[in-house]
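The listed protein sequences derive, respectively, from chains A and B.
In case it helps, this note's numbering puts the first sequence at residues 9 to 393.
In case it helps, this note's numbering puts the second sequence at residues 9 to 393.
2 protein chains.
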Amino acid sequence: MSLDEDKLKKFGFIERGPKDAINIDPLQTGGILTEDARKALLEWGDGYSICDFCGGVLDLIKKPPVNEFVHEALPEFIGTDEVRLTHGARESKFVVMHSIGKPGDTVVLDGLAHYSSYVAAQRADLEIEKVESSGNPEYSIDPEDYGQAIEKVASQGKPPALALLTYPDGNYGNLADAKKVADICHEYDVPLLLNCAYSVGRMPIDAKKLGADFIAASGHKSMASSGPIGLLGVQEEYADTVLRKSPTHKKKEIELLGCTSRGAGLMTMIASFPQVVERTKHWEEEIANARWFSEKVEKLGLIQVGQKPHNHDLMFFETPPFYEISKTAKKGRYFLYKELKKRNIHGIKGGLTKYFKLSTYQVGRDNLSYVVDSFEEIIDKYTEE
Amino acid sequence: MSLDEDKLKKFGFIERGPKDAINIDPLQTGGILTEDARKALLEWGDGYSICDFCGGVLDLIKKPPVNEFVHEALPEFIGTDEVRLTHGARESKFVVMHSIGKPGDTVVLDGLAHYSSYVAAQRADLEIEKVESSGNPEYSIDPEDYGQAIEKVASQGKPPALALLTYPDGNYGNLADAKKVADICHEYDVPLLLNCAYSVGRMPIDAKKLGADFIAASGHKSMASSGPIGLLGVQEEYADTVLRKSPTHKKKEIELLGCTSRGAGLMTMIASFPQVVERTKHWEEEIANARWFSEKVEKLGLIQVGQKPHNHDLMFFETPPFYEISKTAKKGRYFLYKELKKRNIHGIKGGLTKYFKLSTYQVGRDNLSYVVDSFEEIIDKYTEE
Numbered sequence: 009m010s011l012d013e014d015k016l017k018k019f020g021f022i023e024r025g026p027k028d029a030i031n032i033d034p035l036q037t038g039g040i041l042t043e044d045a046r047k048a049l050l051e052w053g054d055g056y057s058i059c060d061f062c063g064g065v066l067d068l069i070k071k072p073p074v075n076e077f078v079h080e081a082l083p084e085f086i087g088t089d090e091v092r093l094t095h096g097a098r099e100s101k102f103v104v105m106h107s108i109g110k111p112g113d114t115v116v117l118d119g120l121a122h123y124s125s126y127v128a129a130q131r132a133d134l135e136i137e138k139v140e141s142s143g144n145p146e147y148s149i150d151p152e153d154y155g156q157a158i159e160k161v162a163s164q165g166k167p168p169a170l171a172l173l174t175y176p177d178g179n180y181g182n183l184a185d186a187k188k189v190a191d192i193c194h195e196y197d198v199p200l201l202l203n204c205a206y207s208v209g210r211m212p213i214d215a216k217k218l219g220a221d222f223i224a225a226s227g228h229k230s231m232a233s234s235g236p237i238g239l240l241g242v243q244e245e246y247a248d249t250v251l252r253k254s255p256t257h258k259k260k261e262i263e264l265l266g267c268t269s270r271g272a273g274l275m276t277m278i279a280s281f282p283q284v285v286e287r288t289k290h291w292e293e294e295i296a297n298a299r300w301f302s303e304k305v306e307k308l309g310l311i312q313v314g315q316k317p318h319n320h321d322l323m324f325f326e327t328p329p330f331y332e333i334s335k336t337a338k339k340g341r342y343f344l345y346k347e348l349k350k351r352n353i354h355g356i357k358g359g360l361t362k363y364f365k366l367s368t369y370q371v372g373r374d375n376l377s378y379v380v381d382s383f384e385e386i387i388d389k390y391t392e393e
Numbered sequence: 009m010s011l012d013e014d015k016l017k018k019f020g021f022i023e024r025g026p027k028d029a030i031n032i033d034p035l036q037t038g039g040i041l042t043e044d045a046r047k048a049l050l051e052w053g054d055g056y057s058i059c060d061f062c063g064g065v066l067d068l069i070k071k072p073p074v075n076e077f078v079h080e081a082l083p084e085f086i087g088t089d090e091v092r093l094t095h096g097a098r099e100s101k102f103v104v105m106h107s108i109g110k111p112g113d114t115v116v117l118d119g120l121a122h123y124s125s126y127v128a129a130q131r132a133d134l135e136i137e138k139v140e141s142s143g144n145p146e147y148s149i150d151p152e153d154y155g156q157a158i159e160k161v162a163s164q165g166k167p168p169a170l171a172l173l174t175y176p177d178g179n180y181g182n183l184a185d186a187k188k189v190a191d192i193c194h195e196y197d198v199p200l201l202l203n204c205a206y207s208v209g210r211m212p213i214d215a216k217k218l219g220a221d222f223i224a225a226s227g228h229k230s231m232a233s234s235g236p237i238g239l240l241g242v243q244e245e246y247a248d249t250v251l252r253k254s255p256t257h258k259k260k261e262i263e264l265l266g267c268t269s270r271g272a273g274l275m276t277m278i279a280s281f282p283q284v285v286e287r288t289k290h291w292e293e294e295i296a297n298a299r300w301f302s303e304k305v306e307k308l309g310l311i312q313v314g315q316k317p318h319n320h321d322l323m324f325f326e327t328p329p330f331y332e333i334s335k336t337a338k339k340g341r342y343f344l345y346k347e348l349k350k351r352n353i354h355g356i357k358g359g360l361t362k363y364f365k366l367s368t369y370q371v372g373r374d375n376l377s378y379v380v381d382s383f384e385e386i387i388d389k390y391t392e393e
């Protein structure tokens, strides 16, 4: 390809099709910008805008109040002694694994861990020991299994450097008993990292109450921020290790490469923060909506797997009625995606009919009702045919 | 601090003071968004917007044309066999150092390297061998010194894993003879990483012609993109190592943690790309503007250090007239910042009067003229007093 004008025409401004759809993709529901964040995005959009105010350390900028945000508000919000901005939850996980573990050490992961937890461990040259879930239909994690996993690893030479629990996991939206996992890990002096990509910014999270030593959180996933941006929470005990500074550049933290979120993402997170704090206070309503939705679609023949009654907006459904239809529908397994698209509903991956996950977060009862009705309409339409 | 409403009021939408100023901060001039990018930012601002279209690998998304952008347009643009998106130049450098070097290996850095090159090496547990510049006034890098540095390291046991050249450096805007550095490194089988944070997107860069094995580039610094976003260019020979995939998640590249720029930043880069390609074709005009500016302010008593005549928009000036004034001015060393602010000129760090760096990139002859006149006016004002 040569960069002639014709080829270049493919780039430039491109419209985003599903921008105004009802989006029930779990990746999307917690990341939709608030109006304030949308304004902040335009205001601070230019490349390095925030650096106009930087004296050498991003999170010490006083005006705008980045320092107060990072060093006071966020630690209070998630319950860790220290917070730093990162590019996302996976980057936070890597920072912890890379600084707490040494090549060849082992990290204990729950069997429902996101792929990025594996990849972060692999990047840090750590071995992985898995705590399996109970499998279908509950996919629950037994905290006691963390003890067994730690003992198994220790018996092979060296105790694990770290344990990680996905809270909740990204497939079933299960919230394991994090406090118990933490207690068991601490019995063995193994620190616990909670991957809160789907919780911080959606529901109340207090790392201290849960006993977590580290928190990984995601701005674009759950804090109404424009990505990539995330949080790393660290308790005092590990702060010196994880946030160690460069011997040659005394103000720069090595694991953050000196600086992370140098642009608009941070300003959208600050812009959304008051509303994000507020919405976590209404988590009970979100759970009620999720349960209501689950009950409604189960009446249509869908089967929610994972914890039941459910405690999170992210849910996984087996969907035999859609699978049956896909066997004979004209558009085959894409019929559902197309029917939903016609109805301005987005977020169930094209081609999936046997099962899918979705999120009810901030969708609201009216729109959820509309989704339920649409599912019913689609099932009826193809069953009558 | 408790997160009560009063405290939360400090966050939310915050205005950006210098948004409409003439900004001559080298960090800012290449990152100002194009109109298309500004539109893209709003269109794609929501958290994970681009992921609506993802089948598991960000850079393989066909519509919008991310695949074509990353795998065809960008490799052509920078002259590497492979390109990946990263969060910025420093993250690209770390990826290369972490995958090419082993703990304890050495990386050779030019003496003008950005702090983030040091910090990236420290994060990857690499030793650093410096190639010193010639110092004041030229601060030039002698390519032959790379050979000596490599031999010195090799004589201590193991040859360096990597060499890095900052092209140009971020203090003086010097463009060393990269081709000669590459040739010398290759004589010793040491691969060369060019840090092009201040060149890719501003001036024509062809890694193959320069002999670079790796390119680190910055979207927010030089490609009219909303940060954080950058590029990593890799030549074929090293692609399997740097872009190795996860053994457990076959599609995911380990060093990228599976995925990097999952949001609006990428779409701003795509939006600006046609104009960015175009502007690199007018690099000669930018050099002419830089030289013109340098000549004009030297007549006022400022002294440009670094290469002369200069070959880049980033320039460093010693500024004795301002320093003299600061000794007696009412506002001391902040007088200059305040005088410039009054004139809507931004980008020279508050408190600096002895020397500063600035960039003339895309500022245009009219605005540059205005900056020169303002400097003159300020000098006159305080000299008359």
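Positions of the beta carbon are idealized from the N, C-alpha and C atoms, including for glycine.
If you're wondering where the values come from, they're calculated on a predicted model, not measured in any experiment.
Query: Residues from the segment 127-153 of chain A in contact with chain B, defined by Cβ distance under 9 Å; Result: Val127, Ala128, Gln130, Arg131, Ile136
Query: As assigned by DSSP and simplified to three states, the class of Leu134 of chain A; Result: coil
Query: Start and end residues, beta strand (DSSP E) containing Tyr363 of chain A; Result: 363-367
Query: His95 of chain B versus Ser226 of chain B - alpha carbon distance; Result: 8 Å
Query: CB contact below 8 Å: Trp52 of chain B versus chain A; Result: yes
Query: Beta-carbon proximity check, Tyr154 of chain B vs Val115 of chain B, cutoff 8 Å; Result: no
Query: Same chain, Cβ closer than 8 Å to Tyr331 of chain A, neighbours up to 5 away in sequence not counted; Result: Thr361, Lys362
Query: Interface residues of chain A facing Leu201 of chain B [CB-CB closer than 8 Å]; Result: Going along chain A, no residue has its Cβ under 8 Å from Leu201 of chain B, so there is no contact; the nearest lies around 15 Å.
Query: Contact the segment 368-382 of chain B vs the segment 26-45 of chain B: 3+ CB pairs below 8 Å; Result: yes
Query: Arg351 of chain A, enclosing alpha helix (DSSP H) - first and last residue; Result: Careful: Arg351 of chain A lies outside any alpha helix (DSSP H) and carries neither H nor E.
Query: Collapsed DSSP secondary structure at Met105 of chain A in the structure displayed; Result: helix
Query: Nearest to Pro4 of chain A (by Cα), restricted to the options A:Gly209, A:Ala215, A:Val208, A:Tyr206; Result: Residue 4 of chain A falls outside the range modelled here, since chain A spans only 9 to 393, and no answer is possible.
Query: Per-residue contacts from Ala81 of chain A into chain B (C-beta, under 9 Å); Result: Met9, Leu11, Lys15, Leu16, Lys18, Phe19
Query: Close beta carbons around Met105 of chain A, own chain, < 7 Å, minus the five adjacent residues each side; Result: Val115, Ala128, Ala129, Ala132, Leu134, Leu170
Query: Span of the beta strand (DSSP E) around Ala157 of chain B; Result: Note, Ala157 of chain B: premise wrong, no beta strand (DSSP E); alpha helix (DSSP H) at 152-163.
Query: Leu218 of chain A at chain B interface by Cβ criterion, 8 Å; Result: no
Query: 7 Å Cβ shell around Pro339 of chain A - same chain, five flanking residues per side excluded; Result: For the record, residue 339 of chain A in the displayed sequence is Lys; it is not Pro. The residues are Lys346.
Query: Under 9 Å by beta carbon: chain A residues contacting Pro73 of chain B; Result: Lys18, Phe19, Ile22
Query: Min CB distance Ala48 of chain B to chain A below 8 Å; Result: yes
Query: C-beta neighbour in chain A for Lys229 of chain B, strict 8 Å; Result: yes
Query: Asn144 of chain B burial status per 10 Å Cβ neighbour count (16 or more: buried); Result: exposed
Query: Cut-off 8 Å between Cβ atoms - residues of its own chain near Lys253 of chain B, not counting five sequence neighbours on either side; Result: Lys259, Lys260, Glu261, Ile262
Query: Test: Leu239 of chain A CB closer than 8 Å to a CB of chain B; Result: no
Query: Backbone secondary structure at Met275 of chain B - three-state DSSP; Result: helix
Query: Simplified DSSP state of Thr37 of chain B, which is helix, strand or coil; Result: helix
Query: Cβ shell of Met277 of chain B (< 7 Å), same chain only, five flanking positions each side left out; Result: Gly227, Met231, Ser233, Ile237
Query: Between the CA atoms of Ser148 of chain A and Ile295 of chain A - distance to the nearest angstrom; Result: 18 Å
Query: For Gly241 of chain A, the first and last residue of its enclosing alpha helix (DSSP H); Result: Segment 238-242 is the beta strand (DSSP E) holding Gly241 of chain A; no alpha helix (DSSP H) there.
Query: Boundaries (first-last residue) of the beta strand (DSSP E) holding Val186 of chain A; Result: The sequence as given places Ala at residue 186 of chain A; Val does not occur at that position. No beta strand (DSSP E) holds Ala186 of chain A; the alpha helix (DSSP H) holding it covers 186-195.
Query: Any C-beta of chain A under 8 Å from that of Met105 of chain B; Result: no
Query: For Val3 of chain A, the three-state DSSP class (helix, strand or coil); Result: Any property of residue 3 of chain A remains undetermined from this structure, which presents chain A solely from 9 to 393.
Query: Proximal chain B residues relative to Ser124 of chain A, where beta-carbon distance stays under 7 Å; Result: Leu265, Gly266
Query: Short CB-CB distance (under 8 Å) between Glu84 of chain B and chain A; Result: yes
Query: Any 3 or more C-beta pairs closer than 8 Å across the segment 286-294 of chain B and the segment 199-214 of chain B; Result: yes
Query: Helix, strand or coil at Gln370 of chain A according to DSSP, with G and I counted as helix; Result: coil
Query: First and last residue of the uninterrupted beta strand (DSSP E) at Asn297 of chain B; Result: No beta strand (DSSP E) holds Asn297 of chain B; the alpha helix (DSSP H) holding it covers 291-307.
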